[in-house]
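Some notes on the structure that comes next.
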Amino acid sequence: MHTRTRLAIAIAAVGFSALAHAQITVPIHSVASSDGNRNLGSVTITETPGGLQFAPALQGLPPGQRGFHVHMNGSCAEGPVNGKPAPAGAAGGHLDPHGTNAHKGPNNGGHLGDLPSLEVDSSGAALKPVVAPQLKSLADVRGRALMIHAGGDNYADSPAPLGGGAGRIACGVIGEGVK
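Per mature numbering (1 follows the signal peptide of the UniProt record, and there is no 0), the sequence shown runs over residues -22 to -1, 1 to 157.
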């Protein structure tokens, strides 16, 4: 009897330990050449029953609503956007593995990379977590880029494409390892 109890406790401990560690912390840096790749903090991504939670611990951003997305490629290097070189352009477009080509927001079946907007307070801090219900597993985002845009996001392609998020101001590559 004691052996079974110990075995059950050991299995439960391993299971709870795995749940406690189902997260990735992503360092976020400015992509503006004038900022010299300045560290802005991090975003911790955690698996939850409601979808992936993105918990920012960021400083030094412009106050207001910011477009917040997972992008296809795991790179924050300069690359082409609409045929022109742009900061973090190598990240590609929003994560859209099902080819929806639809910018509908985090709850409506468009790009999987559409996250709720990032709220930046008057001091430039972003600390409020958001949940992306379309993203269920860290495997969905590993090896991708996490992007913060200069503008807000209206989750539509009108009046401006991709919700009006505008240029890319900060980026981090979502790591391969689980921490």
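Positions of the beta carbon are idealized from the N, C-alpha and C atoms, including for glycine. Being a predicted model, the structure only gives us computed values, none of them experimental.
Identify whether residue i lies in helix, strand or coil by the three-state DSSP scheme.
i, result
"GLY71", "coil"
"ALA128", "coil"
"ALA66", "coil"
"ALA123", "strand"
"LEU90", "coil"
"ALA104", "strand"
"ALA144", "coil"
"ALA35", "strand"
"SER8", "strand"
"LEU30", "strand"
"VAL156", "Low local confidence applies: a pLDDT of 45 at VAL156 is under 50, so the model's placement there is unreliable, with the coordinate-based value given in what follows. Here VAL156 sits in coil by DSSP."
"ALA117", "helix"
"GLY150", "strand"
"ALA80", "coil"
"ARG16", "coil"
"GLU56", "coil"
"GLN43", "strand"
"GLN112", "coil"
Applying the criterion that 16 or more other CB atoms from any shown protein chain within 10 Å of the CB defines a buried residue, is residue i buried or exposed?
i, result
"GLY52", "buried"
"ALA117", "exposed"
"PRO94", "buried"
"LEU105", "exposed"
"HIS89", "buried"
"ARG16", "exposed"
"PRO34", "buried"
"SER8", "buried"
My guess is that residue i and residue j are in contact by the Cβ rule of under 8 Å, so how many angstroms apart are they, rounded?
i, j, result
"GLY91", "VAL48", "4 Å"
"PRO65", "ARG146", "5 Å"
"LEU36", "LEU113", "The Cβ separation is near 20 Å, so there is no contact."
"PRO75", "PRO111", "Not confirmed; about 16 Å, so no contact."
"ALA69", "ALA103", "Going by Cβ atoms, the distance from ALA69 to ALA103 rounds to 24 Å, so no, they are not a contact pair."
From the options, pick the residue whose C-alpha is nearest to that of residue i; which is it?
i, options, result
"GLY28", "VAL4, SER115 and VAL119", "SER115"
"ILE126", "ASN85, ALA(-1), GLY61 and GLY71", "GLY71"
"ASP99", "GLY129, GLY38 and SER12", "GLY38"
"GLY45", "VAL9, ALA64, GLY77 and LEU96", "LEU96"
"ALA144", "GLY67, VAL109, ARG120 and VAL119", "GLY67"
"residue 169", "PRO107, GLN1 and GLY42", "Residue 169 is absent from the model: the chain starts at -22 and stops at 157."
"ILE2", "ASP131, GLY130 and ARG120", "ARG120"
"VAL109", "THR26, ALA10, MET50 and PRO63", "THR26"
"ALA55", "ALA(-1), ASP131, GLY130 and SER11", "SER11"
"GLY130", "ASN60, PRO40, ILE6 and LEU73", "PRO40"
Is the region 143 to 154 touching the region 14 to 32 in the sense that three or more CB pairs, one from each, lie closer than 8 Å?
yes
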